[in-house]
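Encoded as structure tokens, the structure appears first; notes follow it.
There are 2 protein chains.
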Amino acid sequence: MKRDEKFVYQFGEGKAEGDRTMKQLLGGKGANLAEMSSIGLPVPPGFTISAEACNLYSESGEWPDGLEQQVEEGLKTLENQMGAKLGDPENPLLLSGRSGAAISMPGMMDSVLNLGLNDEVVEGLAKKVNNKRFAYDSYRRFIDMFGEVVMGIDHDQFEQAISKLKKEKGADVDTDLDADAMKDLVDRYKAIYRQHTGYMFPQDPLEQLHFTITGVFDSWNNPRAVKYRQINKIRGIMGTGVNIQAMVFGNMGESSATGVCFTRNPSTGERELYGEFLTNAQGEDVVAGIRTPKPIEKLKDIMPESYEQLDEATQKLERHYQDMQDIEFTIQEGKLYLLQTRNGKRTGIAAVRIAVDMVDEGLVDKEKAVKDLVEPRHVEQLLHPQLEEGDVNKEDWIGSGLPASPGAAVGKVVFDSDDAEKAHEQGEKVILVRIETSPEDVGGMSAAEGILTSRGGMTSHAAVVARGWGKPCVAGCDDIVVNYRNKSFTNGTITVKEGDWISIDGTEGNVIRGKKPLSEPTFGEDFKKFMKWVDEIRTMNVRTNADTPEDAQKAIEFGAEGIGLTRTEHMFFGDDRIAAMRRMILSENSDERREHLEKLQPYQKEDFKGIFEAMEGRPVTIRLLDPPLHEFLPDREEEIEQIADRLDITRERLNKKIELLKEFNPMMGHRGCRLGIVYPEITEMQTRAILEAAVELVQEGKEVVPEIMVPLVGSAAEFINQKEIIEQTAKELFEEIGQSVDFQVGTMIEVPRAAMTADKIAQDADFFSFGTNDLTQLTFGFSRDDASKFIPHYVQEKILPQDPFQSLDQEGVGALVQIATEKGRGVKEDLKIGICGEHGGDPESIEFCFNIGMNYVSCSPYRIPVARLSAAQSQLKMKRQKDKTAEKASVS
Amino acid sequence: MKRDEKFVYQFGEGKAEGDRTMKQLLGGKGANLAEMSSIGLPVPPGFTISAEACNLYSESGEWPDGLEQQVEEGLKTLENQMGAKLGDPENPLLLSGRSGAAISMPGMMDSVLNLGLNDEVVEGLAKKVNNKRFAYDSYRRFIDMFGEVVMGIDHDQFEQAISKLKKEKGADVDTDLDADAMKDLVDRYKAIYRQHTGYMFPQDPLEQLHFTITGVFDSWNNPRAVKYRQINKIRGIMGTGVNIQAMVFGNMGESSATGVCFTRNPSTGERELYGEFLTNAQGEDVVAGIRTPKPIEKLKDIMPESYEQLDEATQKLERHYQDMQDIEFTIQEGKLYLLQTRNGKRTGIAAVRIAVDMVDEGLVDKEKAVKDLVEPRHVEQLLHPQLEEGDVNKEDWIGSGLPASPGAAVGKVVFDSDDAEKAHEQGEKVILVRIETSPEDVGGMSAAEGILTSRGGMTSHAAVVARGWGKPCVAGCDDIVVNYRNKSFTNGTITVKEGDWISIDGTEGNVIRGKKPLSEPTFGEDFKKFMKWVDEIRTMNVRTNADTPEDAQKAIEFGAEGIGLTRTEHMFFGDDRIAAMRRMILSENSDERREHLEKLQPYQKEDFKGIFEAMEGRPVTIRLLDPPLHEFLPDREEEIEQIADRLDITRERLNKKIELLKEFNPMMGHRGCRLGIVYPEITEMQTRAILEAAVELVQEGKEVVPEIMVPLVGSAAEFINQKEIIEQTAKELFEEIGQSVDFQVGTMIEVPRAAMTADKIAQDADFFSFGTNDLTQLTFGFSRDDASKFIPHYVQEKILPQDPFQSLDQEGVGALVQIATEKGRGVKEDLKIGICGEHGGDPESIEFCFNIGMNYVSCSPYRIPVARLSAAQSQLKMKRQKDKTAEKASVS
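So the sequences go chain by chain: A and B.
Under the working numbering, the first residue of the first sequence is numbered 1, with each subsequent residue one higher.
Under the working numbering, the first residue of the second sequence is numbered 1001, with each subsequent residue one higher.
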């Protein structure tokens, strides 16, 4: 141990030995206090003991050599700065002690305030501030905090003592207790302290300080903190810093105050000092809600000078941190102190306005604005109605599920798709509540304001469809049990019946009883301006998943640059189409199948024409039929009877087919390109429909860019089989019509085997599109319809960092995506690569896609602005890293 | 083109310009003819035109320069050797022309015999052999063959002509036609030829030869051959060779003969010249079956000198090829000619005897015997009864399915497990026929001689259980439809009712009507001797998959060196156990679960003790509970009622639980380690049962090597979670008992994500065991229970080379196995790695496992000898490759 090792870093009076880059050594809190101090802001002075000291203490169980002396010196400096002295009854210095590691974590020691009080000093303090009650109140709080956080005495012990005293005195609230009562309380607290520790409460302020510092060191290794670090895999941090700081008091009379403020309005983004304060009060009083705080502009009237100081200081902070700040301050006898600053939380609308304003004001440049000032979730918020801010009454809270499709909705509960449609026709707003949804519920889902299911994950039918439409959805809410027969659902306490109002919040996943107020989405000029900057920066394309011309239109409004996924199977569910589809499935041979497929073809062609037209020459990727055929057949007894009648076949025949097509694991069954391989006529029909649509538009002088996508390919042979059919069909068609169009044929990469053999597939494929929903299912072996039974448990136990259907699992699934990309590009350098799974709208996943060099991401229309922003941010992040690397290289 | 390029390679008279290593240039046939000739065996002389000539012809459409002349020279040499002349009526030389590439393929040109005959020569031939009918019969056959294979005339045209003539003449069979009739036929054939080609049949023998050679060249590029090469990815072969050879005739009187013979008895392996012959006959006559051939030893009496020659020649061939030979010969007027030789097909018992005898005779060494003389399927045959050889009447053939478990069985058909058991008790032999089987059918399966299912793949329940027991099974036989209600099944033509006899052949996958004779398995001294050599060579271990002490015992007899997979779930199906299991599943909380698990534990412990004892200190890998819990609950209405009564709960409660546990894709649902993670008490109970069993045996002085295996791991976090529970449980148990045992904790690698993150998992795992069944399912996205609907189509269309559940898909699944092995060993150099999927018994897959360095393969008991042989052969193959590489290195 070197005796001259530096453990103590002073700050205050416009100077500091540390700065904000030294988080590893000083912890986050210490580094920021130093920063504020060194840019000349009024911070109560103090010093930070480094995490290294903590580390050495942890190893040896003793303070490292030199620390004692450095603390003493630090204290002396502090005393000089404050013109007061620890333990001096005439002119006492009081201190706060706080932990602070590089990463904040629960279980670490909390604050100890008012350190330095003892039986003598408390009297001196009372005299000095001329307030005996204040002094003894401070003292008893100190004993409580010290006892609890340093000595491990249960806080309840102290609570019980104060309750008993209040009863004795007939006092309702703490403030009813007078100075003598507080003094009495100090005695009772000291007795508790002695009883639990076996020692007298320490009267020596230096001893108090020593204990507090050691207490913070010890808290680094308490079981809860150790466990937290283990679980969260926090390594490489040597310990916690300890911040010792002079106490300042906002409750020293009418020239003192305490408050919080924002440099801009966090709701609207308007540039103004926004916040509230209380005179003659401490922070806790604001929280306790006994007195109503005043809006910050009132401070201008009461303490114009302090207000001026505050305004200046906060603006300086904003300029310094280049972001809107959330600041805690205290005014002690007219003097302003800043206790904390951090980037302020804000609404989506505020984030965009602040970003645009700060660029206009010249405070930041566009890159900074795009990179740091607006988060993807801010943009998300702007696109959907939200529940208005304000507390939800606990009694109304029904349960929570997955935030499956963002936005909030209110409506009367219905349990049936038909009921939803009927109510909708009569102008009623409804929420469709189902155990889970199926393609047969689409009508009702469309009619409803929002959807709530008790089963299913982030990629369940309900979630996928709802996101596609931008309709709020809470999925897999297993707090509730749905009873279709009684038309009700219950969480055990609250039972909601058909017709009752509920509110759902698909952004957070909450379900609330009653009709809560909503705030409507807003799309201003600021937003357009901001998104223009985003697009100027962004190079990766953003496409949409869209199955209808309406979806396509919506997506273009949101900025889509093409369609990355058109699912063709939804087109078979229309009332006039499903019969032909079912007849096709019931066919006994390929001629019969062909006959029914021919009836479907004109419908498909019209669908494709609509989509091509809406996209106005942008690329459109169309996926060939994907789901297993049994999904098109009924499964309920009544339905089977009805449908057999409509198709004019016996129920036995229909039942036999249903039995034949039944699968144990449909996700891994006869679907995807396996259909087109066994029934090539399906691929032929779809190819004709796509290309006829394209040719007809080209003949009208329109531009069309069709990309035909083969699903669920696992080997080059499968892809080649389908490609040959497509090309042969195209050749014949073009010859028939005497007109051709350019088109591409590519494949989904959604089966692990496709990733492993991507080099072989790439030889014949024009593009790859990662279907990360299925790829995630198969890579994990998680059926997304079933995994909701254990994924929450996994996430809770930290076996998974998050639901891999929400955010791409980069370690496993991502590794396959990367292998496939490398193998594919190894064979075909300019292979077009995109993603069309639900992850295409998730910011973290988008960054991953950008980093491995994808050409585009594709997501549901309502997520497009989020994806655009995420893509731009990923780019800026990579640029910054490159800049850093270049800098390092040029330095060394 | 160099004029002096060599295209024609002569052979005959004990010499040859080629040899058997020149397959690329001369094709397989040409190279072998050269080889036989050059070791001094009597081969009809001739010459081979190289594949290079064919290649040049393909490119230019013309014979390459020099070929014409070389063919003429070749012909001249041949004429000199034979003392006869092409086209000379006095002393005619007749030729045969055949294609022959380096790899044989369908669509290539067949033989043209009797080339050289024309209107003049035929008369000369008649005179020379004094047999006009023979001469004209030869002529009309030549026209037929030349017309068909060179000119593409449909063979039916000629067939119709001969039929018409027979009708006119009142002849029943061809041989009823006399010489004049044959002459008539020649005229009719020539007319057909002219009609279809527009030309006269060519009379110039040189022209005939030219056309034939060009015809062979052209056949290389006919669409069928091109397609075949494409599909089978045959590349790098430049063309086909053309073999022109002097005709020899076994039908030139009583001193001529033709026949086939083996150097050893192909049924028993006995060392003797074995075969049959006909005097004064051609090869076709043997096939036609008009005359009954005589056993070869009769030849000794009839033509002692020729027999002597034949015996010598064939022994020489056997010595030369170091294998039992299957030889075609012709004796023309007392002179022996060998027309073909190849390694002879043989039964399993013969293969083993021949291998052992040839080593004993000093003909080959042990390595050669193990590497080449016995195939895995030979060993397979020895272990199971087989259908006796002989043709199955076509009318009795019912259908074919997957060869799911080898061996043949005969029995009366039953459709129900209970019926099977009842019949078995009454001493009846039955075949259990089901659409598919489930764990509830095990009783009936055990009672049956064999199992036939109409649905399911190579790893369906029926297949896996049957293989485990060595019981014949044909699975997924979709030629039949099973009707439980009528207790019958039908293939559309044949309907089989309950009680009817059928025979199934699980080695080939055939289902046959009636009671066919079986040959019993035989295990002689030869087999033991041979397997001893196998084990001396082999270094990779062979373990078994076994769930009971009986299986374990059987496996040891077959040579198992440990257990690679004990499935614990089967142990829960016993009558007394299933109730406790169901109560556990129905529990509402972990205390309740624990209570019921405690009841199961003693059963499990006893099971494990039995298995450990049977294995006598060999390692035993036990997999923790794997299937989803709903598999233990009933699904049929009646059963639900019964079981609810037995468990003394309401039907509603049971139904509710069944509903709750229902899964869309059970294969990817809540199973494997996901059970032990959500319900740690299950893992605890199983760990206790395993280790208590082990400790108790250790206390009895016995040796036990337990390896606990965590199933379905996808991430290191999952494995660590389970390992911690196992180790904690072990620690507590050992402290309780005051005795401990060594044990290992490892994991299955059966989820693609586990392969991708194997480096992380290996840090904590003692071993990896590849579960290639599930890994194949997830890598392909093929549900094995459903994929039987399209895999046969895939294999037929060559989209898959074979069913990936039968033989490991090395390109995709194998790539993941390799990645996982490399990643695992990268972290832990001596990580123990094995395979316990069904592939562990498949020879090709075993070679793959050996090549990537696995420590062991594990398979069902009846496949162990096959696995032992395959492992040894893989090793010898690798050794040979290394030797070759070393040789090359030392040469260069």
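The beta-carbon is built from N, C-alpha and C at its ideal position, and this holds for glycine as well.
Own chain partners of residue i with C-beta closer than 6 Å, once the 5 adjacent residues on each side are dropped
i: A/Lys29; result: Gly100 and Asn243
i: B/Ala1886; result: none
i: A/Leu41; result: Ala313 and Leu338
i: B/Leu1629; result: Ile1585 and Leu1661
i: A/Thr197; result: Met151
i: A/Glu421; result: Gly443, Gly444 and Ala447
i: A/Ile791; result: Asp803
Neighbourhood of residue i by C-beta, 7 Å cutoff - its chain only, sequence neighbours within 5 removed
i: B/Gly1124; result: Pro1089, Glu1090 and Pro1092
i: B/Ile1494; result: Ile1398 and Arg1513
i: A/Gly853; result: Thr821
i: A/Pro680; result: Ile725
i: A/Thr566; result: Ala546, Asp547, Ile611, Val620, Thr621, Ile622 and Arg623
i: A/Gln728; result: none
Beta-carbon neighbours of residue i, restricted to chain A and to distances below 7 Å
i: B/Phe941; result: Nothing about residue 941 of chain B can be read from this structure; chain B reaches only from 1001 to 1892.
i: B/Arg1653; result: Chain A residues near B/Arg1653: none, gap ~14 Å exceeds 7 Å.
i: B/Lys1789; result: His670
i: B/Lys1718; result: Sequence check: residue 1718 of chain B is Glu here, not Lys. Per Cβ cutoff of 7 Å: Ile799.
Residue i, buried or exposed, once every other Cβ within 10 Å from all chains shown has been counted against 16
i: B/Ile1103; result: exposed
i: A/Ala889; result: exposed
i: A/Lys471; result: buried
i: B/Tyr1193; result: buried
i: A/Gly840; result: buried
i: A/Asp365; result: exposed
Sequence-distant residues of the same chain with beta carbon closer than 8 Å to residue i, five excluded per side
i: B/Tyr1794; result: Leu1800
i: B/Leu1026; result: Tyr1009, Gly1018, Ala1034, Thr1048, Ser1050, Ala1051, Gly1100 and Gly1241
Rounded Cβ spacing between residue i and residue j (contact assumed at less than 8 Å)
i: B/Gln1553; j: B/Arg1688; result: Actually they do not touch by this definition, with Cβ atoms about 25 Å apart.
i: B/Arg1582; j: B/Leu1647; result: 6 Å
i: A/Ala171; j: A/Asn265; result: That belief does not hold up - the Cβ atoms of A/Ala171 and A/Asn265 are roughly 40 Å apart, past 8 Å.
i: B/Tyr1274; j: B/Ile1302; result: In fact, because the Cβ distance is near 17 Å, the residues do not count as touching under 8 Å.
i: A/Ser788; j: A/Met709; result: Wrong, their Cβ atoms sit about 28 Å apart, outside the cutoff.
Chain-ordered chain B contacts of residue i [CB-CB under 9 Å]
i: A/Ala815; result: Arg1753, Met1756 and Thr1757
Partners in chain A for residue i, counting only beta-carbon separations shorter than 9 Å
i: B/Asn1721; result: Glu797 and Ile799
Neighbouring residues, chain A, relative to residue i (Cβ below 8 Å)
i: B/Gly1812; result: Gly714, Ser715, Pro752, Arg753, Met756 and Thr757
i: B/Val1464; result: The contacting residues do not exist; B/Val1464 stays about 15 Å from chain A at best.
i: B/His1793; result: Ile677 and Val678
*Examine the Cβ distances between the region 1774-1788 of chain B and the region 1731-1745 of chain B and report whether three or more of them are shorter than 8 Å.*
Proximity of the region 1774-1788 of chain B to the region 1731-1745 of chain B falls short of the contact definition, fewer than three beta-carbon pairs being nearer than 8 Å.
*Touching or not, the region 711-728 of chain A and the region 630-645 of chain A, by the rule of three or more beta carbon pairs under 8 Å?*
No, they do not touch.
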